[in-house]
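Since the structure comes first, as structure tokens, the remarks are kept for the end.
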């Protein structure tokens, strides 16, 4: 056997292939630089316990401010009627009970909602990233 | 065994070079036209969960609730003709009901703002992967929904256009979906 190797011209253009490879490399670098940090940010955010703590803090602040404002309004109305704006024991008790109930509800809602959101992001928000990393994007 | 494999020699394919050149031109145009918009959108999303936004939405939801639901205020004043004990009881009940509703509305609005931030991050990730994304809700929508979820007959609806915010999200999502479709498949 032997003889000269058969010669065949390539079916693609090396220069064009290199240009396209360079372009893909540049785009991938851009993705890593600008977009990948947002994926990390989202993952960090949903795993961050401070998110739930902040939601609960805001819920409590909302209850506090709502009751402060409601009480102020009630006291102004009384003043307009020429009555004392001071609360009696029964009113104190009623408002304290109402405020506690509102606080419990708001806190529970904030915690449950934050947990739901976390699960939702885990199961859907990052699914497209998984598809891309597996070459299906 | 003698001999070797096939010997390949480079060949110039003008049409492939042209396609590669066009792909490069598209990318250069994309960098000029769309990347600044994307970056601007990223900056916007970065601030969506700031405390100032939470305060603003809580205030907006409160104002809308007060506008939409003045009945409690009237109820508090309804005991005018009744005895003082009855009036005081009505007022306390009204404060409890109103403050409880308002608390839950503010809570819902705050959670909605955080949702909006998460959706903003998801939209950026989607844009990065060349997917079409939709615009985010405006802050007013979040406040309004918080109230609507609590009472149905809201009488005064905030309908301010959140065009700028929605616009950036939609534009960045839609246009880059078009542009980036070429990124992974140039």
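Protein chains in written order, with the numbering used here: chain A, 1 to 137; chain B, 1 to 186. For each residue, glycine too, the CB sits at the ideal point set by N, CA and C. Keep in mind it's a predicted model, so treat the numbers as computed, not measured.
Bridge partner(s) assigned by DSSP for residue 7 of chain B: A:7, per the DSSP bridge assignment.
Nearest residue (CA-CA) to residue 129 of chain B, options A:16, A:28, A:8 and A:56: The candidate whose alpha carbon is nearest that of residue 129 of chain B is A:28.
With 16 other Cβ atoms within 10 Å as the buried cut-off, status of residue 101 of chain B: buried
Length of the line joining the Cα atoms of residue 87 of chain A and residue 118 of chain B: 44 Å
Residue 106 of chain B, buried or exposed, once every other Cβ within 10 Å from all chains shown has been counted against 16: buried
Under 8 Å by beta carbon: chain A residues contacting residue 47 of chain B: Within chain A, no residue comes near residue 47 of chain B; the closest Cβ sits about 13 Å away, beyond 8 Å.
Buried/exposed call for residue 45 of chain B, threshold 16 Cβ in 10 Å: buried
Chain-ordered chain B contacts of residue 6 of chain A [CB-CB under 8 Å]: 6 and 7
Residue 66 of chain A versus residue 49 of chain A: straight-line alpha-carbon distance, rounded: 26 Å
Where residue 32 of chain B falls, given that 16 or more other Cβ within 10 Å makes a residue buried: exposed
C-alpha gap between residue 49 of chain B and residue 144 of chain B, whole angstroms: 18 Å
C-beta neighbour in chain B for residue 52 of chain A, strict 8 Å: no
Closer than 8 Å to chain A by CB, residue 90 of chain B: no
Residue-chain proximity (residue 112 of chain A, chain B), Cβ-Cβ < 8 Å: No, its Cβ sits nowhere closer than 8 Å to a Cβ of chain B.
Per-residue contacts from residue 27 of chain B into chain A (C-beta, under 8 Å): 23, 26 and 27
Residue burial classification, residue 18 of chain A (beta-carbon count within 10 angstroms, cutoff 16): exposed
Residue 95 of chain A, buried or exposed, once every other Cβ within 10 Å from all chains shown has been counted against 16: buried
For residue 35 of chain A and residue 124 of chain B, believed in contact at Cβ under 8 Å, the rounded distance: 7 Å
CA-to-CA distance, residue 104 of chain B to residue 104 of chain A, given in whole angstroms: 11 Å
Reduced DSSP category for residue 54 of chain B - H, G, I as helix; E, B as strand; rest coil: helix
Any C-beta of chain B under 8 Å from that of residue 115 of chain A: no
Residue range of the unbroken alpha helix (DSSP H) whose run includes residue 25 of chain B: 14-33
Residue 102 of chain B in three-state terms, based on DSSP: helix
For residue 41 of chain A and residue 93 of chain B, the rounded distance between their alpha carbons: 45 Å
Any C-beta of chain B under 8 Å from that of residue 77 of chain A: yes
Beta carbon proximity, residue 114 of chain B to chain A, threshold 8 Å: Taking CB atoms only, residue 114 of chain B has a neighbour in chain A less than 8 Å away.
Residue 85 of chain A at chain B interface by Cβ criterion, 8 Å: no
Nearest-angstrom Cα separation, counted from residue 79 of chain A out to residue 68 of chain B: Each residue's alpha carbon lies about 25 Å from the other.
C-beta contact flag for residue 70 of chain A and residue 99 of chain B at 8 Å: yes
Residue 54 of chain B classed as buried or exposed, judged by whether at least 16 other C-beta atoms fall within 10 angstroms: buried
Where the alpha helix (DSSP H) containing residue 47 of chain B begins and where it ends: Here residue 47 of chain B belongs to no alpha helix (DSSP H), and DSSP marks it neither H nor E.
Alpha carbon of residue 47 of chain B to alpha carbon of residue 75 of chain A, nearest angstrom: 38 Å
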